[in-house]
Every structure is written in structure tokens, then in C-alpha cells.
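Novice:
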Amino acid sequence: MGKLEKSFYWFCFILLVYTTIGFKLVPNIVKDQLIKNLDENLTLKTTIEKVEFNPFTLNIKIENFKLLDENNNSDISFKELTIDFAFMRSIEKRHISFQNIYLDELYLNITEDKNGALNLTKLVKDTPKKEEKKETSSSDIKFLISKIDLKNADINFTSEKEEKPFSLNLKDIDYTIYDLGTYNNALSSNNLKFRINEDTNVSIGGAFKLEPFKMYGKIDISNLKIKEFLDFKKDIFNFDINNDANINLVLNYNVDTTNDFDLKLKSDLLELNNLELKQNNKSIANLKKLDIKKFDLDLIGQNIKLDGVKIDSLNANMISDKSGINFANLIKTNSSKEENKNEQKVETAQNIESKPWIVNLSNIEATTNFNFDDKTNNSLINVKTTNLNLKNLQIIDSKIDLNSLNINNSNLSFIDNKNKLDIQSKNTKINLNTLSLNNSILDIDTINLSKENLIFNEKKSKLNIDSKNLNLVLNTLKIDGNKISIKNSSLKTPKLNFKDKNSKIDINSTNIGLNLNNFMLDNDKITVNEIKLSKPTVNFKDLANKINLKSKNIEITLNTLSNKGSDLSINSIRVLNPNLDFINLENNTKIHAKNLDLKIQQLSNKKNIFKIVKTDLNNPFISVVLPKNTTPTQKNEETIKTTNTPTKENKSSNKTKLNIGPVNIKNGTFDFEDKNLPISFKTKVTKLNGKISEIRNTKSSKTNLEVNGVVDKYGVAKITGIVNPNNIKFLTDINMKFQNIAMENFTPYTGKFIGRELKSGKLDLDLKYNIEQSNLDAKNNIVITKLEVGNEVQSPDAVSLPLGIAISLLEDKNGVIDINLPISGNVDDPQFSIGSIIWKAFVNLITKAVTAPFSLLGAVFNFSEDEIKSVKFDSLESEITPIQKETLDKIAQILTAKQDIAIKLIASYDKDKESLALKEKKYLARKDDDRNLKKEQIDALIAKEKVKDIELEKIAKERILNIKEYLIKEKSINKKQIILSDELITSNSSIDLKIEQLK
């Protein structure tokens, strides 16, 4: 037998021995040693059904491995573990290499007891601790596993800490890894799939590298039930979540530790569906769907991006009661103070070390409903259907930049039952263009707020506000600490109603347009470059004070306003073209103003000094209408007397000093109508121009007045003078002149108070009023030219005066009535009234003209009353002698000058004296022989003479006939001016004259 043959046989023998040992002996040794070592170190009993080993392929298989407890229950087991060692490749590549590691039906049962201890922590027996020797050097172990295959694995986790055990099952776990190792930059791919309980499917696919560690791939989670995870820590949550709430996630990940730990995440799908939170079996919040189209996270770049976020039907019910707000205690806080301090220290350290995160949110849409029930204060807030759209939001540390935010709210209500307050808002829209918040400085480019309807109803004070289609726009808003600035803002509302039932105030307004330019609030100082109110319509009613104010088309502009505390300054104020109506609802007095242009320059209120540098009033039209008054005259007079009762001056009056510069009036129009008359009185003053000098409320201040205008068509008015604006009773010196005023315009007043119309005539007034220390000295010079009285007017207030004859007597030969009515008195006297004094003087003048006409005529013609009031005749005298001519010539002068009056002559004789004279005349005519008788005898004879009354009447009539003849023939007096009366007077031989007006 040769060497080769022997070698062959030895090889065969060794191979047989190797094969026998490998296939038969090694599996038994491995099985026994595994069981022995595991039993020595573990608290559980180890069972292995079978171990197989292939000595040629170095493949080992372990079947039906179990760790059993004392009740023969298995917490760890697997059906098959196969390890295929690549011996030849390991030799070739000089590293440990495995062809395949296969694990089938791995089962892990993890339990947590009531103390929080896991069963797997009790798996290893307690052993004495040995001092570990530190290795001084180590070498890297290079290995490569071509494939690791985990099939059909199940992992169960059960927690018994709570009364109701928590269970989580990972089922059907399939995990495959290719080329796992450290050799030659091996890149391992992996694919993991499993189910969580019954509904959630998880798939993770990708690749990773161990040195340096890198990993990338995709995570796909479908129908992840949130409740199944939250129930694990149910003790820290103070709410319940519904079973249907789920998350769907498709997430791409990339991890690189080459330099720093670099993590990048990018989602293809991120959804949260059908979420509902409950407390005490009541729903407090629910969400139909949260859909995030794109989620990116860059750990190194500290960057988070969310794009296409849609929040569908988020509903929240917040409740506040004695225990607090329900959302504030969703998570139970049981951590100790020490833990909190440690957490704060960790957070602080992280904040110091980390650079700021960059968060970008874009294309966000949300639909929400919100209810807040404040049971403590008995109030309720309900916000229905709020739609939010956000184009872009970037957050970098404390810097926030926002672009295009739109919020639409269909309905908002606030009900405060405690204070009886109800606020309702409908269709609110908020549009925000750009917003920037940096270092606590807020910048907003444009905010637009609009409301279709806003209702404020305060039932306790009976206050109601109703606004329609309100629109507020703010441009360039900046908030920097205590500084707030707005470049320009506008407020528009087509309709705004305000009603205060307690104060009986009702305000209705339409078309309000308010604009502010360059608004600045700096601490407590406010500045505004321009405020403009454009053409609103306002109806203001104060029923308590019976006032109604209506305004249309008014434009108010304020320039350069500054306010700090009680200090106020405005560079200029302009009120343009208002249409104002003021109505006194008590007596229906109406004041109307339009077309005016009011300019106020440099208004200020500083240090208790109110100042206006200059005021210009251009083109004003003011109309005053006094309505028909049904109140009896007597009551009116009593009211006037009451009004004139002086009040005690308030020594502690307002300390604010007035310093108002000149007031200039240009081209004004004043229209006045008094309907409180049988015939309405109307007059108009046009081309009204004037100036009021500086107005101050100091004791020694003086104000000069100068006003002039055109009255009606041809009249002229001028008012000049000086007053003390602080107290007109201290100093007033006013001169009012009215010239060429048409008298017929005063018919309404003469009709009411005198009962007659005025046909024609002109009036000139020169009124001078001087008051010093409450003492009035007034001169009323009245000149009436060619006054003609018209028809009678029925008026219950009329005083019965023979106005016609009075006018005739007062007029001179040129038809001019010149009256001077001086007035004096003390205005502090409660009984003093200028109007009543003037009226009384006027009535006395007219009465005197009628009752004592010759006294008035004598004054006009420079005669004494006794010279013209009668024509004297001696007894039985009827012829006109020089004695009578002296009187009649003066009468003729009067009649010639006053063609509208007549002299009424009444036949007169003295019955006693003239009867005796006539008897004596008769006796002497036929008893010449008895003249030597004694006087007593003669008197007795005379008394026996017969005289008839007709004889005396003849003498009386001859007297008036002779007077008439003399005046007509000798003095050429119009015979109409001589009136012979049928009356007869028997007490006087003189002819007393009476004045009558010719009709």
C-alpha cells in the first residue's frame, strides 16, 4: 500500500470522524451546553427541541427554543434559528462573514407589573459583581452578514399598572437585512413590516451603514390607532380619546453621523383623522382631519417646514368652573419640584448651546368652531365656522414673519348672563398682509377687518349698539414696547345705531368714513398727523333733554393732533359743507346750518389754558325757525321772568383760562322764521361779515365786536361794541344800527301784539346799550318813515291800541316817526327785563299819543298843549276874533302838516253862565227905564227872563261853523279835515278839539 493510498484512507477516516462529530456529536454538545448555561444564568427553564449542525457548510440550526416559567408558560421562544457561517469567504476576505441568519416565529411576551417592573429584567439571576479589568487596547472587529431574515415574529406587551391592563401587540413582524457589517464600507439594506394590534400596518424600508453610521429609507404607517398608545400612560391623561382616531404617515428619513448627528425627515403623507377628546363622557374637542401635505425636518440646519396644512372641522368646547379650565388639566402633573428644576436646567442648557430653529409654515387652511362656557361668571362664548388661511409663516428663534393671513368667521356670540350683556357678530373677515415680530418689535403691513353685522346689547344699562358692514383698515402698524404707530387707518360703516334707553339717547348714523394718518402712541402721548371724517349722516336724539340733531355730508379735518395727559394741541381744524339740523323736541324750534367753511387754527389746552389762535367762518348759512307755540302767553311770561332771575355766581368756577383769538365771519347768511304768530315772520340777513377780537375770561378782558350785513333785500345792519366775555354785566358797550328795514316784514309781530298789519314803511334803529357793574343805560332811537297800517288781524295776544291815529300823530310832515326810548335799570334785579320794559314804553307812547294827542303835537310843533287843545270863546261869543285866530292858525299849521288827521269840532256852551248872560242881554235890550233900580232888583228881573236851550245851541253851533269856515276859507284847510260833531256839550263855552284819523 503506497503513501498516496494511505493518505487517502486517513483522509477518509478523518472525514468520517469529522462528519460524525459534526453531524452527531456537536449538535448534542451545543444543545446541552446552551441549556446548561442558560439555566445557570436565567431564572427560566430552557428547552430546545433540536439542534442541527453541518460541519461542511458550518450551518447551525436551533429548533423550537423556549424559556419556560414555573407554570410552563413561555415568554421567549422561536421556532427556528439558522446561522449560515461563510467560512471560505471569511478566510478569503479576512473578516467574519455570515451568509445568512434566519429567525422564524420569534415570540416575546413582555409584561409590566403593578410596581412598574418588567418581567425581562428578572430574566437573569443575581450574581456577585466582579471587578472588570479595563482593556488597554482593542482592535476593530470587521464582519459581514449577507442576510438577516426575521419571519413571522410576534411581540406582546402587557402592563398591569392600571386597574384595566394595557396590551400592545406587534404581529407578523418580517424584517430582512442585507449586507450588514463593517467590512469595506458595506451598505446594508433593510425592510421591516409588522402590524400593531389588529388595525395598524407599519412598513419601514431603506438602507444603513455602520461605520460611519448612516441610514436612509421610508416609514409607512397606516391607520395608527392613537388610543392604543395613550392608554399605556392613561394615568397622566385627564381625558379619553375615541377608538377611531388614527394617524397615517409616510415619512422619508436620512441619518448621517459622519461629522455630526444629521437627521433629515421628509413626509409624503401625514394625516390625523377622526379625533375626539372627552372629559366626564362629554366631548370637549374633535377634529375631522389634519392633513399635512409636506413635512421637512433638517436637524443640522435646525429647519422645520410644513406645507399644505389643512385642519378640517376642529371643534373645541372649553369649560371654566370652580376646578378651573378643562383644557388646562388635560395632563395630570405629579412630578416633583426637584424633577421640574432638573428639567428646567436641562432645557436652559440646551437653549444656551443650540442655535435657533427655523420653522416655516405655508399654505395652512383651517375650519374651526369654538365654545367657551364660563360657569363661574355665567357667560358663554360661541364662535361658529371660522375659516383660516395662512400663506406663509416663518419662525426663527424669537423672530416671526407672516405673509397673507385670512380669517373668516360666520358667527360669534358672547352672552354674559351675570352682567346681562349680549354681543353678536356676523361674517367677520380679517385679512393680514405681512407681519414681522423681531426682538419684541411687531410690524404689520396691512390689516383689514370687516363685519357684516355687530350687535352690542347691555340689558342692565339698556345700552344697544348695532353696526352694519363695518370695515377697518390699518396700514403699516408697528408696536415697539410702549410705542404704537400706524401710518394710516380707515374706518367705514354704512350703518351704525347707538341706543341708550336709560339716558334716552338714540344715535343713527350711515356712511361713516373716518381716516387717520400717521398715528403714534408713545407711552402716554398720542400724536396724529391728520384725522378726517368724510360725509356721514348722523341722527342724534336726546329725549331726556328733548334734542334732535341731524347731520349730513359733513367733512371734518384735524391736522397735527397731540395729546399727553390733559394737554391737547391741534394745529388746525376744518369743518366743511355740513348740513346740520338742530330741533328742540320740546317746542319744535329748528336751527338749520349748511354750506359753512369753519377753520380753526392752533387749538391747544395746556396748563389750564384753552387757546385758539384764529377762527374763520366762511359762507355760513344758518336758519332758525320758531314753531307754533300752544302754551298760553301768561305761562310764557312767567317762564321769561323765571329765566331772568339771576343766579349766584359760582366762585369756584372752572379754572381753565380762555384765550381765543379773533373770529372772522365772511359772507354769512342768517335766515329767521317765527311761526308762533298769526302770520309767520320771515327775515334774512345776507352778506354777513364781521370780526370778534380776542376772547379771554379774565376779569379785565375786553372783546371788540364788529358785524355788518344786508337785511332782507335793501336793509343794512351793523353791530359794533365792546363786551367783557367773562361777565357781560361787568362791561357791555354795544351799538346796533339797522337801516332801511322794510316795515311790512314786521306784520307778523304787529298782528300778534297790536292786531294790525303793516303795509309799508322803513325802519331805522340805533340801539346803544351800556352796562357797567350790572347797571344798564340804554338808548333806543327808532326812526320809522312813511309807515302805513293795513288790515286788522285777529290775535288773542293783541293789545287794543288805535295804531292808525297814533302813527298820524307821531309822524312829522315828512312822514317820519322819530322815537327815543331810553332804558335804565339794574340787570341783577329779578323784576328787570329789557324786552318787557321796551314793550311797556312803546305801549305807553302809543297810549299817550291817543289820550293826550295835543301834548304830543305840541312837542312836535313846539307848541304848548294849552295853546292848541281848545278854542276859547267868551259867553255868547261865536265870531272869530284875533284871540281865536291865534289858536286856529296853529291848528291850521298842524292840519297842513298832517293831511291824514282831522279836527273834530263839538258844539259847546256853558249853560249856566251863558243862560244868565243871554237873560241879561234880553233884559237890557228892552228895559231901559228900569236901570235906576237897585242891583238886587235888576238881578231879580233878569232872572225872570225866558231863555230857551235852542237859543244857546244856536250860539254853540255858530262857533264850530265859524271855526270851520275860517280854517277852510282863510287857511285853506281841506274840508275833510274839519269834522262837525252832532254832539252838544253844555258845560263849557270853549270848543275842545279832538283828533281823528281820516279813513
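Sequential numbering from 9 applies to the sequence shown in the numbering used here. Idealized CB from N, CA, C, for every residue including glycine.
For phenylalanine 19, name the three-state secondary structure that DSSP assigns.
Specialist: Translated into positions along the sequence shown, residue 19 becomes position 11. Looking at phenylalanine 19 - three-state DSSP - the assignment turns out to be helix.
Novice: Along the beta strand (DSSP E) that carries lysine 972, what are the first and last residues, could you check?
Specialist: The sequence position of residue 972 within the sequence shown is 964, counting from 1. Taken as a continuous stretch (DSSP letters only), lysine 972 belongs to no beta strand (DSSP E), being part of the alpha helix (DSSP H) at 957-973.
Novice: Is it right to say leucine 1001 is buried, meaning 16 or more other beta carbons lie within 10 angstroms of its own, or is it exposed?
Specialist: Within the sequence shown, numbered from 1, the residue matching residue 1001 stands at position 993. It counts as buried.
Novice: Looking only at its chain, what residues have a beta carbon closer than 8 Å to the beta carbon of serine 998, apart from the 5 residues adjacent to it on each side?
Specialist: Indexing the sequence shown from 1 puts residue 998 at position 990. Around serine 998: Ser878, Val879, Lys880, Phe881, Ser916.
Novice: Determine the direct distance from the alpha carbon of asparagine 427 to that of leucine 307, and round the result to whole angstroms.
Specialist: To locate residue 307, count along the sequence shown from 1; it is residue 299. To locate residue 427, count along the sequence shown from 1; it is residue 419. Each residue's Cα considered, the two are about 53 Å apart.
Novice: Would you give the residue range spanned by the beta strand (DSSP E) that glutamate 991 belongs to?
Specialist: Within the sequence shown, residue 991 is the residue found at index 983, counting from 1. Here the beta strand (DSSP E) through glutamate 991 covers 986-993.
Novice: Can you give me the Cβ contacts of isoleucine 22 inside the same chain, cut-off strictly under 7 Å, excluding the 5 residues immediately before and after it?
Specialist: As a working note, residue 22 is residue 14 in the sequence shown. Cβ neighbours of isoleucine 22 beyond the five flanking positions: none.
Novice: Taking the beta carbon of phenylalanine 86 as the centre, do at least 16 other beta carbons fall within 10 Å, making it buried, or is it exposed?
Specialist: Position 78 of the sequence shown, counting from 1, holds the residue named residue 86. Phenylalanine 86 is buried by the Cβ-count criterion.
Novice: For glutamate 206, name the three-state secondary structure that DSSP assigns.
Specialist: Numbered from its first residue, the sequence shown carries residue 206 at position 198. Note: glutamate 206 maps to coil in three-state DSSP.
Novice: Provide the residue span of the beta strand (DSSP E) that contains alanine 910, from first to last.
Specialist: Along the sequence shown, read from residue 1 onward, the residue named residue 910 stands at position 902. Alanine 910 -> beta strand (DSSP E) spans 909-916.
Novice: When you compare only the Cα positions, how much space is there between aspartate 180 and asparagine 205?
Specialist: Residue mapping note: residue 180 aligns to position 172 of the sequence shown, counting from 1. Residue mapping note: residue 205 aligns to position 197 of the sequence shown, counting from 1. Approximately 10 Å, taken between the alpha carbons.
Novice: Within the continuous alpha helix (DSSP H) that includes lysine 560, where are the two ends?
Specialist: Sequence index remark: in the sequence shown, residue 560 carries index 552 (1-based). Segment 555-560 is the beta strand (DSSP E) holding lysine 560; no alpha helix (DSSP H) there.
Novice: Would you identify the three-state DSSP class for tyrosine 224, choosing helix, strand or coil?
Specialist: Within the sequence shown, residue 224 is the residue found at index 216, counting from 1. The answer is strand: DSSP assigns tyrosine 224 an E or B state.
Novice: Closer than 6 Å by C-beta to asparagine 246: which residues in its own chain qualify, once you throw out the five before and the five after it? Chain order, please.
Specialist: By 1-based counting over the sequence shown, the position of residue 246 is 238. If we look at asparagine 246 and ignore the five residues flanking it on each side, its Cβ neighbours are Asn337, Leu338, Lys340.
Novice: When DSSP labels each residue in this structure, what does aspartate 920 get in the three-state scheme?
Specialist: Translated into positions along the sequence shown, residue 920 becomes position 912. Three-state result, aspartate 920: helix.
Novice: Return the first residue and the last residue of the alpha helix (DSSP H) that isoleucine 863 is part of.
Specialist: Position 855 of the sequence shown holds residue 863. Sequence inspection shows serine at residue 863; the isoleucine mentioned does not correspond to that position. Where serine 863 is concerned, the enclosing alpha helix (DSSP H) stretches over 861-869.
Novice: From which residue to which residue does the beta strand (DSSP E) around phenylalanine 590 run?
Specialist: Position 582 of the sequence shown, counted from the start, is the residue given in the question as residue 590. Element bounds for phenylalanine 590: 587-592.
Novice: Apart from the five residues on each side of it in sequence, which residues of its chain come closer than 6 Å, Cβ to Cβ, to tyrosine 110?
Specialist: Counting from 1 along the sequence shown, the entry for residue 110 is found at position 102. These residues qualify, in order along the chain: Thr90, Asp157.
Novice: Measure the CB-CB distance between valine 391 and asparagine 414 and report whether it falls below 8 Å.
Specialist: Position 383 of the sequence shown, counting from 1, holds the residue named residue 391. Position 406 of the sequence shown, counting from 1, holds the residue named residue 414. Contact: no.
Novice: Tell me which residues share the same chain as lysine 133 and place their Cβ nearer than 7 Å to its Cβ, disregarding the 5 neighbours each side in the sequence.
Specialist: Sequence index remark: in the sequence shown, residue 133 carries index 125 (1-based). Hits under 7 Å: Asn49, Leu50, Thr51.
Novice: Can you list, in chain order, the residues of its chain with a C-beta nearer than 6 Å to that of alanine 725? Leave out the 5 residues immediately preceding and following it.
Specialist: Residue 725 sits at position 717 when you count from the first residue of the sequence shown. Contacts found: Gly717, Val719, Phe746.
Novice: By DSSP, does threonine 27 sit in helix, in strand, or in coil?
Specialist: Position 19 of the sequence shown, counting from 1, holds the residue named residue 27. Three-state DSSP puts threonine 27 in a helix.
Novice: Cβ of threonine 1048 within 8 Å of Cβ of asparagine 753?
Specialist: Limits of the chain in this structure are 9 at one end and 1007 at the other, which puts residue 1048 out of reach.
Novice: To test your reading of the DSSP string, which unbroken alpha helix (DSSP H) runs of 4 or more residues are found completely within the segment 224-298?
Specialist: The segment 224-298 contains these whole alpha helix (DSSP H) runs: 234-238.
Novice: Do threonine 384 and isoleucine 468 come within 8 Å of each other at the CB atom, strictly closer than that value?
Specialist: Stepping through the sequence shown from its first residue, residue 468 is reached at position 460. Stepping through the sequence shown from its first residue, residue 384 is reached at position 376. Looking at the sequence shown, residue 468 is not isoleucine but lysine. In this structure, threonine 384 does not lie closer than 8 Å to lysine 468 by Cβ.
Novice: Tell me which same chain residues have a C-beta within less than 7 Å of the C-beta of lysine 130, skipping the five on either side of it?
Specialist: For the purposes of this step, residue 130 is identified with residue 122 of the sequence shown, where counting begins at 1. Only Thr51 meet the Cβ criterion.
Novice: Which same chain residues end up closer than 6 Å to glutamine 985 when comparing Cβ atoms and leaving out the 5 residues on each side of it in sequence?
Specialist: Along the sequence shown, one-based indexing puts residue 985 at 977. Correct list, in chain order: Leu903, Ala910.
Novice: Using the C-alpha atoms, what's the distance from asparagine 160 back to leucine 178?
Specialist: In the sequence shown, residue 178 corresponds to position 170, counting from 1. In the sequence shown, residue 160 corresponds to position 152, counting from 1. Rounded to whole angstroms, leucine 178 to asparagine 160 spans 10 Å at the Cα level.
Novice: Taking the Cβ atom as the reference point for each residue, do lysine 554 and asparagine 547 lie within a distance shorter than 8 Å?
Specialist: Residue numbering aside, residue 554 sits at position 546 when the sequence shown is read from its first letter. Residue numbering aside, residue 547 sits at position 539 when the sequence shown is read from its first letter. Going by C-beta atoms, lysine 554 is not nearer than 8 Å to asparagine 547.
Novice: Would you say leucine 398 and leucine 369 are within 8 Å of each other, going by their C-beta atoms?
Specialist: Locating residue 398 in the sequence shown gives position 390, where the first residue counts as 1. Locating residue 369 in the sequence shown gives position 361, where the first residue counts as 1. For leucine 398 and leucine 369, yes; Cβs fall inside 8 Å.
Novice: List, from N- to C-terminal side, the beta strand (DSSP E) runs of 3 residues or more that fit wholly inside the segment 38-80.
Specialist: You should have 53-62, 67-76.
Novice: So within the segment 692-780, which uninterrupted alpha helix (DSSP H) runs reach at least 4 residues, ignoring any that extend past its ends?
Specialist: You should have 755-761.
Novice: Just to confirm, are asparagine 697 and isoleucine 673 a CB contact at a threshold of 8 Å?
Specialist: Looking up residue 697 in the sequence shown gives position 689. Looking up residue 673 in the sequence shown gives position 665. It is a contact, given that the beta carbons lie within the stated cut-off.
Novice: Tell me whether the segment 968-981 and the segment 948-959 touch, counting them as touching only if at least three CB pairs, one residue from each stretch, are closer than 8 Å.
Specialist: The answer is no - the segment 948-959 does not touch the segment 968-981, with fewer than three Cβ pairs under 8 Å.
Novice: Grab me the residues of leucine 576's own chain with a C-beta within less than 6 Å of its C-beta, minus the 5 sequence neighbours each way, in chain order.
Specialist: For the purposes of this step, residue 576 is identified with residue 568 of the sequence shown, where counting begins at 1. Around leucine 576: Asn613.
Novice: Going by C-alpha to C-alpha distance, which of Asn461, Glu796, Asp488 sits closest to lysine 503?
Specialist: The count along the sequence shown starts at 1 and reaches residue 503 at position 495. Of the candidates Asn461, Glu796, Asp488, the one whose C-alpha sits nearest the C-alpha of lysine 503 is Asn461.
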